[in-house]
Amino acid sequence: MDQQEDKLPEKSELGPALESATTESTGQVELIQLDPQAVRRDIGPFQIIALGFNIPNSWAGVATAFSTALTAGGPVSLIYGNFVITAMYGSAAVTLAELASVYPTAGGQYHFTSIMAPKRFNRSMSYVCGMIATVSWVICSASVASITSLCIAAIAEFYNGYKANSWQLFLISQALNVFALWYNLFLLKRTQWIHDAAFILTLSAFLTISIICLARGDKQPSSWVWTNFEPSSGWTPVVSFFTGLGTHAYMFGGLDAALHLAEETLDASKTVPKALMSTIGIGFVSGFIFSVAMTYCIPSLDIFANDPVPIYKLWRIASKSNTAGTVFLVVGIFIFTFILVATQQTTSRLLWALARDRGLVFSSHFARLSPKLGDIPVAALILDAGLIFLYYAVAVLAVIVIVMVVNWIVFARKHYQGPRIGIAL
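Heads up: the sequence shown runs through residues 1 to 425, numbered per full-length UniProt numbering.
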């Protein structure tokens, strides 16, 4: 990449450089300028809502981990956990939506932290928040690739009796990782409608699977579904119930996706908050209905033991058709692939924002945008794909902690300034 082909901000322009005006009479903060390095705004209101939901994809999240709740507490954990998690994430979403309506930046939470934290600590707190957010998004992408590879292997095992080895699952995951990188680099900007299509597909699949399983499957009595609490983890009932909430945490993993695409979104101060709240609303309704539908169709709690993809077995049993169950899982594989594309897109924008604020080593490279490919951060996308690879290849948490500390000591401590906000009264 050379400077003629790529947009590279000057050092003085790095950072959101937000300018705001405050009226003394109402105290209302109005955002009047976002970033001197303009990014092409080509994500419409419906697209950001679709993308914001596609990544958490609540019902699919429940499907991938529903056995955790069943093991921890049975049907009660699976069904009522929806309310607890929605209340928790809903509170976070309301706060993020309010902040995003004023400061719609790609940095999201770490920019908010820099703005609101005490001046003495805002740089370090903002940096830590940004790094934690980045790590969580890399792990999110890696987990999506891992789940997708398990689904592919489950079909091969069921029909051919072939059990994939760990290295084969790794190769499948990396093939998906490379595909998502390629799609983000060369196709996504020309096919933004893919998020809309994925949104329609996932809601259609949710309705179709729920209806078919309820219509064809043998159903448990309502008393078993709504009142049966069977903690089998060995912990106390309270601990078991909260352990089961791990299933529902998947419902809203990646809730902040819309934040990190704000600078590419039309009328971001209005549409990003709507996307956050829509994700909570649609997520709760679809996740709760799916949980209830699948619970009615469970023949017993012990048939899913040691099954890497228990939802596949349940779909075959509930639909009374191996073909139907397999079709459901294949659709799920397509949905997870769309999710992986979206998570890579989102993570790269967060990395780009950190680089723009001089929070990474070689920030000038990762802050570049490529006009030829639609103003996308090519280097940040490649870095994201490489981090996903490292997630599988090394003791990831130990390495990440070391990298964060070394990056702060060697580079960011001197150069990272956080977002610069100008308030005019």
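Beta carbons are placed, not taken as given, at the ideal position from N, Cα and C, and that holds for glycine.
| Check | Outcome |
| --- | --- |
| Rounded to whole angstroms, what is the Cα-Cα separation between L207 and L276? | 22 angstroms |
| Can you name the start and end residues of the alpha helix (DSSP H) that L350 belongs to? | N322 to R356 |
| So A258 and V272 are in contact, right, with Cβ under 8 angstroms, and what is the actual spacing, rounded? | 5 angstroms |
| Measuring CA to CA, which of Y250, G130, T64 and A215 is closest to S348? | G130 |
| Using the rule of at least 16 other Cβ atoms within 10 Å of the residue's Cβ for burial, across every protein chain shown, is M116 buried or exposed? | exposed |
| Alpha carbon to alpha carbon, how far is T323 from S101? Give it in angstroms, no decimals. | 47 angstroms |
| Rounded C-beta distance between residue 445 and L360? I'm assuming under 8 angstroms. | This structure gives no information on residue 445, because the portion of the chain shown stretches from 1 to 425. |
| Given 8 angstroms as the limit, is there contact between the region 165 to 173 and the region 309 to 321, that is, 3 or more CB pairs closer than that? | no |
| For T202, does the three-state DSSP call read helix, strand or coil? | helix |
| According to DSSP, is S364 part of a helix, a strand, or is it coil? | helix |
| T265 bridges to which residues according to DSSP? | I43 |
| Does DSSP classify I132 as helix, strand or coil? | helix |
| Would T247 and G81 be called neighbours here (beta carbons separated by less than 8 angstroms)? | yes |
| Excluding the 5 residues flanking T243 on each side, which residues of the same chain have their C-beta closer than 7 angstroms to its C-beta? | A72, S233 and W235 |
| For F199, collect the residues of the same chain with a Cβ closer than 7 angstroms to its Cβ; drop the 5 residues on either side in sequence, then sort them by chain order. | A50, F53 and N54 |
| Would you grab the beta carbon distance between I79 and V292 for me? Rounded to a whole angstrom, and I think it's under 8 angstroms. | 6 angstroms |
| With 16 as the cutoff for other CB atoms within 10 Å, does W59 come out buried or exposed? | buried |
| Going by the CB atoms, is the gap between G108 and H260 shorter than 8 angstroms? | yes |
| CA-CA distance, F112 and Y103? | 8 angstroms |
| Taking just the CA atoms, how far does L387 sit from V396? | Summary for V396: the model assigns pLDDT 48, below 50, so the residue's position carries little reliability; its value from the coordinates is reported in the next sentence. Each residue's Cα considered, the two are about 9 angstroms apart. |
| Tell me, please, whether the region 333 to 341 touches the region 130 to 139 by the rule of three or more beta-carbon pairs shorter than 8 angstroms. | no |
| Determine, using beta carbons only, whether C213 and L329 come nearer to each other than 8 angstroms. | no |
| Rounded C-beta distance between E230 and L169? I'm assuming under 8 angstroms. | About 31 angstroms; that fails the 8 angstroms criterion. |
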